[in-house]
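Trainee: I'd like to ask you about the structure that follows.
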């Protein structure tokens, strides 16, 4: 991971704890770096953490919801 003053701090080895504070997994952080082409700032990680949260996007229930019918019967 890339270290910068505005991005993820790796000085104390608390990378996973810092990611958790933003609600991001290591995979999500790596995806974010890939999408941005650089290390995200703390503000970006906070914003994305909220946008990608379980509350907003139903990460863990998405596959379960796909098993339900997409249309009502008789329509």
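Numbering (the numbering used here), first residue to last: -12 to 62. The beta carbon of each residue, even a glycine, is placed where N, CA and C say it ideally should be.
Out of 24, 18, 53, which one is the CA nearest neighbour of residue 36?
Mentor: Stepping through the chain shown from its first residue, residue 36 is reached at position 49. Of the candidates 24, 18, 53, the one whose C-alpha sits nearest the C-alpha of residue 36 is 18.
Trainee: Using DSSP with H/G/I as helix, E/B as strand and the rest coil, what is residue 61?
Mentor: The residue given as residue 61 occupies position 74 in the chain shown. Coil, per DSSP.
Trainee: By the 10 Å Cβ neighbour count, where 16 or more other Cβ atoms means buried, how is residue 16 classified, buried or exposed?
Mentor: Sequence index remark: in the chain shown, residue 16 carries index 29 (1-based). Residue 16 should be labelled buried.
Trainee: Any heavy atom of the ligand PLP within a distance shorter than 8 Å of the CB on residue 52?
Mentor: As presented, the structure is devoid of all ligands, the ligand PLP included, so that no description of it is given.
Trainee: Spatial neighbours of residue 6 within its chain, please: C-beta separation below 6 Å, excluding the five flanking residues on both sides.
Mentor: Along the chain shown, one-based indexing puts residue 6 at 19. In chain order, 16 place their CB closer than 6 Å to the CB of residue 6, counting only its own chain and leaving out the 5 sequence neighbours on each side.
Trainee: Go ahead and pull the three-state DSSP assignment for residue 34.
Mentor: Looking up residue 34 in the chain shown gives position 47. Residue state, collapsed to three classes: helix.
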